[in-house]
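Numbered according to our numbering, the sequence shown spans residues 701 to 755.
No residue lacks a Cβ here, since even glycine has one placed at the ideal position from N, Cα and C.
Notes for the one structure printed next.
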Amino acid sequence: MANAEIEIMRSKLYDYLNSNADYDIIIQISQELDKLIYDFYLNKYFWLSKEKNDN
C-alpha cells in the first residue's frame with residue numbers, strides 16, 4: 701500500500717513540475733513524498749529487525 705501511495709505522490713509531483721506550478725505547492729508535495737518514503741523504509745527496517753531478533 702505504501703508503494704502505491706509513494707507512486708501517486710511521485711506522479712503528482714512530476715505533474716506539478718511539468719506544469720510550472722507554484723513552488724510552494726511543489727515544496728509541499730516534495731515534503732509529503734519524503735515523509736512517505738521515510739516512513740516506508742523505517743517501517744520496513746523495523747519489521748526486518750524484529751524478524752531477525754525473533755529468530
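Less than 8 Å separating the beta-carbons of residue i and residue j?
i	j	result
Ile737	Ile706	yes
Arg710	Leu733	yes
Tyr716	Ile725	yes
Apart from the five residues just before and just after residue i, which ones in its own chain have a Cβ nearer than 8 Å to its Cβ?
i	result
Ser730	Leu713
Look up residue i in the DSSP assignment and say whether it is helix, strand or coil.
i	result
Ala721	coil
Of all the options the options, which has the alpha carbon lying nearest to the alpha carbon of residue i?
i	options	result
Ala704	Trp747, Asn720, Ser749 and Phe740	Phe740
Ignore the nearest five residues each way along the sequence and tell me which others in residue i's own chain have a CB closer than 7 Å to its CB.
i	result
Ser749	none
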